[in-house]
Amino acid sequence: MRTIADPELPPGHFPALRNCTGVTFRPHAAMPATNHSFKALGEQDQRRYKMYAVIVTGGKQYKVAEGEYLKIEKLEVPTGEAVTFDRVLLIGNGDDVKIGAPVVDGAKVTAEVVAQGRHDKVTIIKFRRRKHHMKRQGHRQWFTEVKITGIQG
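Residue 175 is where the sequence shown ends in this note's numbering, and the numbering goes up by one at each step.
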């Protein structure tokens, strides 16, 4: 029986996996240091650290960032008009995070209404066993799609 430390085995070869095909093992790459400033980060990393906010609308909380599209509960606002969300629970920008108690003072998120529509149908089935009774009902929930245009606070 050969062990992993046996010099006859090539590196990355494990005897327990000799019947497995296509399995290779490589050493893990070292993680890069993350103490760089925001300006020194590459374009891909800057997207990860862009400004975001947590808003409340329609009884739900959403994490949003500028330029994102979001489907929320229906708002009675015509397509193309601007809407403002004043209930902002949190605003973050890299390492700078403001947490409200319960909302952040003076913070607001602006968005533009892109579309109004309905989600896919959800089928509700009520069934009573042994009674020859089954009731089916469908439901399509209305939504408003918005594009986040700005975060202030």
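Think of the CB as a built atom: it goes at the ideal place given N, C-alpha and C, for glycine as much as any other residue.
Identified DSSP bridge partners for residue i
i, result
"R150", "H155"
"Q174", "K130"
"K169", "Y91 and E134"
Inter-residue CB distance, residue i and residue j (contact presumed, cutoff 8 angstroms)
i, j, result
"H141", "R109", "In fact, because the Cβ distance is near 23 angstroms, the residues do not count as touching under 8 angstroms."
"M156", "I147", "7 angstroms"
"Q138", "T166", "6 angstroms"
"Y74", "K82", "No, Y74 and K82 are not in contact; Cβ-Cβ is about 16 angstroms, not under 8 angstroms."
"I173", "E88", "6 angstroms"
Proximity of residue i and residue j at Cβ, strictly below 8 angstroms
i, j, result
"F107", "V136", "no"
"V119", "L112", "yes"
"T90", "T79", "Residue 90 is actually Glu in this sequence, not Thr. Not a contact, by the Cβ cut-off of 8 angstroms."
"G128", "G175", "yes"
"V126", "V168", "no"
"G160", "K143", "yes"
Secondary structure of residue i, DSSP reduced to three states
i, result
"L97", "coil"
"I26", "Because the pLDDT of I26 is 48, which lies under 50, any placement of that residue in the model is unreliable, and the number read from its coordinates should be weighed accordingly. Coil at I26, not helix or strand."
"G160", "strand"
"V86", "strand"
"G116", "coil"
"G139", "strand"
"V125", "coil"
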